[in-house]
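Encoded as structure tokens, the structure appears first; notes follow it.
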Ligand code: DAH
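In my numbering, the protein residues as written are 3 to 344.
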């Protein structure tokens, strides 16, 4: 009697189906609730003779598992689908705000420098950071025993068969452009340079430069001076004065270093300019005829000037950053200070 009931229920449960979530719930109540068919079987089970209890008990358990599995899988098929999740999306909710980054101070100053030179007719040229001896030293008239060629100043990558190194200045881009271009040439070359220096507040093993080069017929030192005065006054204000002091670079003759009047004390002398009223900003000069020759340009026809300056230096003068390491530490509190300078 109970066996027949079990078999009949088994058949029934095997073929159950449901049209919606509510129908699944109805099936659960019908078979698995306290008053459901399977609980009813337990009532009948009490009167099963002891020797059959084991067999019948097992069958009731199997039936219960079957019903549970069937109903669960029906339930799953009506679980909330991805579509209904999309329907429930609140498209009017405020989005999680993205924090906008700020431009790096060195990029801000570099762009400003390049804009000023672009307005004077200079175009931008770039070159590789990994260079050979020819472009960094040899073509630029460095004698073979020049101290810059020492391991102490330059990072060498390999020394055989030719020296491959990290460029120590962006003057190497001059050579690359002159080798390929007929004058007139009027370029500025921004980029990163490397030197084998101990890192401190005042020195770093990498920094950034902008190199300038103008090659044409009849270029004179006074052209150079005028361009640099124009640059200084646009970068640091129209009251800015410049002065040129004689200096030495292998690739220029004559060579000079340029100072600008201290914009903190207006030239009177203060702690920043060490009482002199002047601060140094760049090196410059007339391109040495040896350099023109090395790059395939006839020094009898063409002459030119070059200048080079550090972007960190200009940035320090503009924003009074005291520690060079700040530029590469990615401290967002520091970087955010330049938010408005963009
Ligand atoms: N290359 C020099 C340096 O790294 C800077 C420089 C000085 C570049 C004088 C020039 C120049 O073009 O004429 O210190």
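Don't be surprised by glycine CBs; every beta carbon is placed ideally from N, CA and C.
From a predicted model like this one, the values you see are computed outputs, not experimental measurements.
Alpha-carbon spacing of residue i relative to residue j, whole angstroms
i	j	result
residue 196	residue 208	4 Å
residue 298	residue 228	27 Å
residue 269	residue 97	53 Å
residue 275	residue 261	10 Å
residue 64	residue 88	40 Å
residue 357	residue 199	There is no way to answer for residue 357, as the model of the chain reaches only from 3 to 344.
residue 116	residue 189	10 Å
residue 338	residue 318	16 Å
residue 334	residue 119	30 Å
residue 241	residue 252	33 Å
residue 7	residue 79	29 Å
residue 218	residue 112	26 Å
residue 238	residue 223	22 Å
residue 202	residue 243	30 Å
residue 331	residue 187	37 Å
residue 236	residue 121	11 Å
residue 342	residue 185	40 Å
residue 177	residue 124	16 Å
residue 20	residue 13	16 Å
residue 286	residue 142	14 Å
residue 259	residue 215	16 Å
residue 58	residue 25	29 Å
residue 62	residue 38	13 Å
residue 295	residue 310	21 Å
residue 255	residue 136	20 Å
residue 220	residue 308	14 Å
residue 44	residue 27	22 Å
residue 340	residue 233	22 Å
residue 315	residue 160	30 Å
Beta strand (DSSP E) segment containing residue i, residue limits
i	result
residue 257	254-263
residue 211	208-218
residue 196	187-196
residue 282	280-289
residue 161	Counting along the chain, residue 161 falls outside any beta strand (DSSP E), and DSSP gives it neither H nor E.
residue 313	Run containing residue 313: none in the beta strand (DSSP E); it sits in the alpha helix (DSSP H), 313-321.
residue 167	166-168
Check: residue i C-beta below 7 Å from any heavy atom of the ligand DAH
i	result
residue 255	no
residue 173	yes
residue 131	no
residue 309	yes
residue 251	yes
residue 228	no
residue 285	yes
residue 211	yes
Range of the contiguous alpha helix (DSSP H) that encloses residue i
i	result
residue 180	173-182
residue 33	23-34
residue 274	First-last for residue 274: undefined, no H or E at that position.
residue 247	Run containing residue 247: none in the alpha helix (DSSP H); it sits in the beta strand (DSSP E), 244-251.
residue 13	4-16
residue 43	39-47
residue 64	52-79
residue 116	107-121
residue 135	135-138
residue 330	Element bounds for residue 330: n/a, residue is neither H nor E.
residue 350	The structure shown does not extend to residue 350, since the chain is modelled only from 3 to 344, so the question has no answer here.
residue 221	Careful: residue 221 lies outside any alpha helix (DSSP H) and carries neither H nor E.
field: Inter-stretch contact (C-beta, 8 Å, three-pair minimum) for the segment 142-157 and the segment 257-271
entry: no
- prompt: Within the chosen definition, does the segment 159-167 reach the segment 229-248 through at least 3 CB pairs nearer than 8 Å?
  reply: no
- prompt: Should the segment 238-253 be regarded as contacting the segment 154-161, the criterion being three or more beta carbon pairs within less than 8 Å?
  reply: no
- prompt: Hey, is the segment 183-193 in contact with the segment 201-217, meaning 3+ C-beta pairs nearer than 8 Å?
  reply: yes
query: Using 8 Å as the threshold, is the segment 60-78 in touch with the segment 169-183, meaning 3 or more CB pairs across them?
result: no
message: Three or more C-beta pairs under 8 Å: does that hold for the segment 118-130 against the segment 289-303?
response: no
- prompt: On the three-pair Cβ rule with 8 Å, is the segment 298-308 touching the segment 325-333?
  reply: no
- request: Report yes or no: do the segment 44-56 and the segment 102-111 share at least 3 C-beta pairs separated by less than 8 Å?
  value: no
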